[in-house]
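J.: Everything in the sequence shown is counted per full-length UniProt numbering, starting at 1 for the first residue and increasing by one.
Cβ atoms here follow ideal geometry from the backbone N, Cα and C, with glycine treated the same way.
Take this structure first; my questions come after.
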Amino acid sequence: MNTTALRHAEADQPLTDVISSLRDTDWDAQSPCEGWTARDVLAHVIDTQRDFFAGRGVEMGERSDTDRPVEAWRTHTARIAEILADDSFVSKTYDGYFGPTTVGATFEQFYVWDMIVHRWDIARSAGVDVTFSDAELDRMEAGADSFGDALYMDGVCAPAVPVPEDADRTARILAKMGRRTAASIG
């Protein structure tokens, strides 16, 4: 398994667990992303990944309906895993937003990062707490830092919010991405 496929699998399982734990009524609850429900967040993750691969010439097939979110996610993420299993495809070079890169590097830097961050958003929509591993926190922090000012472009993250000096690492990283936790409120 190549590194990109491995990083996807590592981010996929906890996200799938959160998605599978939501009740039908949770999907229309407001998420921490202004103006988006949990269903909207899931649709965003699916659509941005589909658009990325379609833009690299991959036939994505019909998009699953997020009216059935668990099924939509499982169908989508299985297709992504198939795509990422192709070592030659993930090592393919192209000119990305930040310069020359590979499909795999972009997927790891942004789309895996997005899966981890939005896992929290989807869980919080349902009032569920998420615990991140140190590796996930490292990835979230490195990803946010790597985007520079682009982190706050429309459609990426809301502006950073203040946190108390004694806030834990999770609250500090999420606050950098415009997300308020109980610890960041103080």
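Terminal residues of the continuous beta strand (DSSP E) containing T101?
T.: Position 101 of the sequence shown, counted from the start, is the residue given in the question as residue 101. From DSSP, the beta strand (DSSP E) with T101 extends over 99–102.
J.: I believe R124 touches P32 by the beta-carbon criterion, under 8 angstroms. Please report the beta-carbon distance rounded to the nearest angstrom.
T.: What you label residue 124 is simply residue 124 of the sequence shown in a count that begins at 1. What you label residue 32 is simply residue 32 of the sequence shown in a count that begins at 1. Sure, about 5 angstroms apart at Cβ, within 8 angstroms.
J.: Buried or exposed, going by whether 16 or more other CB atoms sit within 10 Å of the CB of E62?
T.: Taking the first residue of the sequence shown as 1, we reach residue 62 at position 62. Exposed is the call here.
J.: Quick check: is the beta carbon of D138 nearer than 8 angstroms to any beta carbon in chain B?
T.: No chain B appears in this structure, which consists of one protein chain only.
J.: At which residues does the alpha helix (DSSP H) containing G35 begin and terminate?
T.: Translated into the one-based positions of the sequence shown, residue 35 becomes position 35. First-last for G35: undefined, no H or E at that position.
J.: Whose C-alpha, out of T4, T16, P159, is nearest the C-alpha of D87?
T.: Numbered from 1 along the sequence shown, position 87 holds the residue referred to as residue 87. Minimum Cα distance to D87 is reached at T4.
J.: Can you tell me which of the three DSSP states G96 falls into?
T.: Here residue 96 corresponds to residue number 96 of the sequence shown, with the count starting at 1. Strand at G96.
J.: Out of curiosity, what's the CA-to-CA distance linking E108 and R139?
T.: Here residue 108 is taken as the residue at index 108 of the sequence shown, counted from 1. Here residue 139 is taken as the residue at index 139 of the sequence shown, counted from 1. Roughly 9 angstroms between the two C-alpha positions.
J.: Under a three-way DSSP split, which group does V90 fall into?
T.: Along the sequence shown, one-based indexing puts residue 90 at 90. If DSSP states are grouped into helix, strand and coil, V90 belongs with the helices.
J.: Going by beta carbon distance, what residues of the same chain come within less than 8 angstroms of V156, once the five residues before and after it are set aside?
T.: In the sequence shown, counting from the first residue as 1, residue 156 sits at position 156. Contacts found: F147, A150.
J.: Kindly confirm or deny that the segment 64–75 and the segment 152–167 touch, where touching means at least three C-beta pairs closer than 8 angstroms.
T.: Contact fails: fewer than three Cβ-Cβ distances are below 8 angstroms.
J.: State the DSSP-derived secondary structure class of R124, mapped to helix, strand or coil.
T.: The residue given as residue 124 occupies position 124 in the sequence shown. It is helical.
J.: Touch check for the segment 110–119 and the segment 7–24: three-plus C-beta pairs under 8 angstroms?
T.: Result yes; three or more Cβ-Cβ pairs closer than 8 angstroms.
J.: Is it the case that the Cβ atoms of G99 and T106 are separated by a distance below 8 angstroms?
T.: The residue you call residue 99 lines up with position 99 of the sequence shown. The residue you call residue 106 lines up with position 106 of the sequence shown. No. Outside cutoff.
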